[in-house]
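In case it helps, the working numbering puts the sequence shown at residues -8 to 331. One structure below.
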Amino acid sequence: MRVLVTGGAGFIGSHYVDVRLRRHPRDQVVVLDKLTYAGNPANLAEARKSPRFRFVKGDICDARLVDRIVRGHRIEAIVNFAAETHVDRSILTPEEFAKTDVLGTQTLLEAVRKFKVKRFLQISTDEVYGSIERGGFKETDPLKPSSPYSASKAGGDLQVLAYWHTYGLPVIITRSSNNYGPRQYPEKLIPLFVTNAIENQPLPLYGDGLNTRDWIYVEDNCLGVDHVLDHGRVGEIYNLGAGNTRTNREITFAILKLLGKPARLIQKVPDRWGHDRRYALNTRKMQALGWRTQWPFVRGLRATVQWYQDHPEWWRPLKSGDYLKYYKKQYAGRGRQQGK
Ligand code: NAD
Ligand code: TYD
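Written out as structure tokens, the structure reads:
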């Protein structure tokens, strides 16, 4: 199959490219990526060794470029990982999120329509369901996103479903829980705390530290995505979670323990605005399709910490700008409006 992977130079997309090339020896994979701050050509070092791999730098919102790629490479399937992905950035600059995550998705759907692409797989997130106190969300639950990021992802999902209902396009959506693993940009909780702890820098734990996420190892998510691309039913949504809920405090202490660092590195900081309390998914539908996670959390976290210890050349240059540290201070200081 000839597959277009958008956002393939990012964290999960690049792992997915490796998985696809490895598991399907006859497939060709084209990556389209804008190389924003989160895209890194180094993430595709393994893929570049393959003659079945091509890279194009560009924006999924650029309809002419998307058309040229889909027509030129006779693309049969698109897997859309391209997105602005960090909640804190979405609080600071929501416009980029709406552009890429909603309009970008719609631009790709138009190309699917025009060139009769056989499959369109939208990579989405558990955050579109919002927060849940107990249990886990099912695929049929209503969407209740609360951040500009999750609202934009929900907007993308709704476009995908509208193109299924209206034009009968062969679309599928996967919604995964929080991924972790090698090559995740050091602005997200686990890589930020691991790299800060290595450098004996403070770990800024938001609020009471009791917000909870379900953590899935990136390889498990990518194997799930691949399984859905080949065996999922069009028009369907599939949750990909690990049943591995942990509070941020638990994650923080697990990281400190693995690195042999003291608890005094933990720094209490003001909470994120509109911070969702708990995310969790019901994954029975994926299990019925024959998918199981393979990475217990302890093994995955150990492998992740080890990777960051072994690859300072990958993450050190990304931390030097400290864009977020500066801007987060701004939003913490500015005060929310009193509507809520
Ligand atoms: P990431 O931020 O590491 O990578 C995103 C990639 O998309 C980057 O390579 C970036 O350059 C590219 N990109 C951004 N805007 C683009 C545009 N307009 N055109 C082309 N490329 C563009 O993100 P990630 O963590 O790998 O997430 C990938 C996907 O998985 C996203 O759709 C995200 O919403 C979803 N997801 C992520 C998680 C998680 O925990 N990281 C969980 C659930 C779902
Ligand atoms: P994050 O990795 O940004 O993922 P998401 O918000 O999409 O789930 O954050 C995971 C959790 O960690 C979330 O509850 C916010 C919290 N967090 C901190 O406490 N400190 C931090 O510096 C960051 C980035 C996140």
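Glycine is no exception: its CB is placed at the ideal position from the N, C-alpha and C atoms. Values in this document were obtained by computation on a predicted structure and should not be read as measured data.
| Item | Value |
| --- | --- |
| Report the residue from PRO139, SER138, ALA145 and SER311 whose alpha carbon sits nearest the alpha carbon of ASP132. | ALA145 |
| At a cut-off of 7 Å, is LYS144 close to ligand 2 when judged by its beta-carbon and the heavy atoms of the ligand? | no |
| Could you compute how far the alpha carbon of LYS40 sits from the alpha carbon of PRO182? | 27 Å |
| If you measure from the CB of TYR270, is any heavy atom of ligand 1 nearer than 7 Å? | no |
| Just verifying my parser: in three-state terms, what is the DSSP assignment at ALA0? | coil |
| Tell me whether HIS266, by its Cβ, gets closer than 7 Å to a heavy atom of ligand 2. | yes |
| What do you reckon, are the CB atoms on SER167 and ASP117 nearer than 8 Å? | yes |
| Would you kindly check if the distance between the Cβ of PHE106 and the Cβ of VAL61 is under 8 Å? | yes |
| Excluding sequence positions up to five away, which residues of its chain have a Cβ less than 6 Å from the Cβ of TRP155? | VAL162 and GLY226 |
| Closer than 7 Å to a non-hydrogen atom of ligand 1 - does that hold for the CB of TYR72? | For the sequence presented, residue 72 should be read as Phe rather than Tyr. Yes. |
| Of the choices ASP53, GLY281, PHE72 and ALA102, whose alpha-carbon is the least far from that of GLY215? | GLY281 |
| Would you call GLU75 buried or exposed, if buried means 16 or more other Cβ atoms sit within 10 Å of its Cβ? | buried |
| DSSP three-state label for PHE128, please. | strand |
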